[in-house]
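Shown next, in structure tokens, is the structure this report addresses.
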Amino acid sequence: MTSVSLLGRMGADTAALRAQVEALTRQVSTGRKTDRIGDLAPQLPRALTLSVEINRRDTYGTAIDAALTRTSTMQTTLKQIASIAQTFADKVAIKLDPNDTGTLSSVATQARAALVQVGQLLNTRSGGEYIFGGSDFANPPIPDPEGLPGSGMATQIATAVASLGGGNAASVAAQTRAAALNDTAGVTPFSAFLSNPASGGSEARRSVPTGDGQVEAYGILANRNAAAVSAGETTGSWARDLLRGLASLAALTPAQAASATDFRALAGTIRQGLKSAENALADEQGALGLTEERLGATQDRHTIITDTLKAQVADIEEVDLAATLTRLQATQTTLEASYTAIGRLGTLSLASYLR
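At position 6 of the sequence shown (counting the first as 1) the number is 6 in full-length UniProt numbering, and the numbers step up by one without a gap.
Shown next, in the form of structure tokens:
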């Protein structure tokens with residue numbers, strides 16, 4: 001074999017080593033076996049299937065995360081509303097006494113302020129959306145919370161309360177209940193969307209897809225219960241019961257105390273209605289908490305499976321960086337040795353080569 005043919009062979013080997021170094025350097029830099037998807041031909045179908053499954057589970061996980069953000073805000077708001085119901089049921093309404101009318105003015109003032117506060121809380125937003133407004137995300141479920149003490153509902157309740165006397169406590173209670181249930185425009189404090197039986201009045205609760213063909217309902221509308229079932233003295237809605245009770249308290253004056261029996265009867269109705277709201281709110285919070293637990297568990301399952309799938313994709317598409325770096329260093333050493341050998345071979349004369 002001549003030196004020329006030997007040089008040619010060594011040159012070809014060196015070129016191959018140089019190509020290996022370039023490929024290994026690229027793999028170390030990107031962490032991927034190749035930038036050309038076609039190079040994964042034998043395992044390409046499996047890699048594509050795994051990637052589709054990862055994206056699908058990521059989509060469910062993202063949707064669940066957004067829902068949990070809203071439910072967290074809901075829980076905080078429900079807790080605040082429940083605190084108002086508890087305060088007026090257990091500390092304010094329970095003290096109503098026809099023989100002590102001196103506190104009625106203070107009670108009415110507190111009730112009017114609480115009406116506004118409840119309205120504002122029902123208008124709570126999360127991510128720019130009204131969370132108690134159903135699918136009408138952009139508009140408040142209570143259009144005028146500051147005007148609640150003078151709303152049509154509150155005015156009708158005040159008119160009924162003002163007529164108390166002569167043994168008509170049951171009739172007055174029925175009138176206040178009817179006012180709280182009235183969805184007529186100008187009377188109801190709730191939005192036109194929620195009050196319309198053809199729209200928000202009949203739509204299903206907001207839900208989140210948690211898997212193929214699986215959804216979890218979590219939404220709560222301002223004017224009707226979600227999971228809770230109101231009992232006792234109730235309109236069937238904890239929000240309406242609370243607004244009814246507060247509006248009734250706001251309407252009380254010493255004049256109603258003139259008929260002690262009727263006053264006590266109406267006070268009992270108010271107290272029972274507020275207690276019903278308090279109990280239903282507790283049930284609503286509990287049911288929402290269970291929903292959050294289910295959503296969290298489902299999200300965790302998606303995360304665990306996604307991590308497993310990503311590891312499988314990595315086995316197909318990615319390199320073992322430690323092993324690849326070791327191979328790169330060894331190949332570079334071999335390439336440098338090849339360069340050195342070629343350099344030395346190139347300096348040999350024919351005479352020295354034949355010796």
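Backbone N, C-alpha and C fix where the C-beta goes; we use that ideal spot for every residue, glycine too.
In the assembly as shown, Arg57 is a buried residue. Its beta-carbon has 16 or more other beta-carbons within 10 Å. Remark: C-beta atoms of Thr69 and Thr124 do not approach each other more closely than 8 Å.
Between Gly200 and Ala66, the alpha-carbon positions lie close to 22 Å from each other. Where Val215 is concerned, the enclosing beta strand (DSSP E) starts and stops at 214-217. For the pair Glu129 and Thr77, the Cα-to-Cα distance works out to about 14 Å. By the Cβ rule, the segment 96-104 does not count as touching the segment 156-176, because fewer than three pairs are nearer than 8 Å.
Looking only at Ala169, Pro209, Ala179, Ile142, the smallest Cα-Cα distance to Gln156 is reached by Ala179. Beta-bridge partners of Ser126 (DSSP): Glu129.
DSSP, reduced to helix, strand and coil, places Pro189 outside both helices and strands of the structure shown, so it counts as coil. If you draw a straight line from the Cα of Ser135 to the Cα of Leu221, it comes to about 9 Å. DSSP lists Val215 as the beta-bridge partner residues of Pro209.
With 16 or more other CB atoms across the displayed protein chains lying within 10 angstroms of its CB, Pro149 is buried. In this structure the segment 255-262 does not touch the segment 294-309; the number of beta carbon pairs closer than 8 Å is below three. Its Cα nearest to that of Val229, the residue Asp283 stands out among Gln214, Asp283, Ala138, Leu274. In the structure shown, the three-state DSSP call for Arg301 is helix. In the DSSP assignment, Ala173 falls within the unbroken alpha helix (DSSP H) covering 169-181. Here Val92 carries a helix assignment [DSSP, helix/strand/coil]. For Ala250, the enclosing alpha helix (DSSP H) starts and ends at 238-251. If you ignore the 5 residues before and after Glu293, its C-beta comes within less than 8 Å of no other C-beta in its own chain. By the Cβ-count criterion, Pro189 is buried, with 16 or more other Cβ atoms from all chains shown falling within 10 Å of its own Cβ.
For Glu53, the enclosing alpha helix (DSSP H) begins and ends at 44-87. Between Leu266 and Ala169 the beta-carbon gap is near 5 Å, inside 8 Å, which marks them as a contact. The residue from Ala12, Leu50, Pro45, Thr326 with its alpha-carbon nearest to that of Thr306 is Leu50. Closest by C-alpha distance to Gly152, out of Arg177, Ala185, Ala89, Lys79, is Ala185.
In the three-state reduction of the DSSP assignment, Pro149 falls in the helix class, which pools H, G and I. Assigned with DSSP and collapsed to three states, Ala330 falls in helix.
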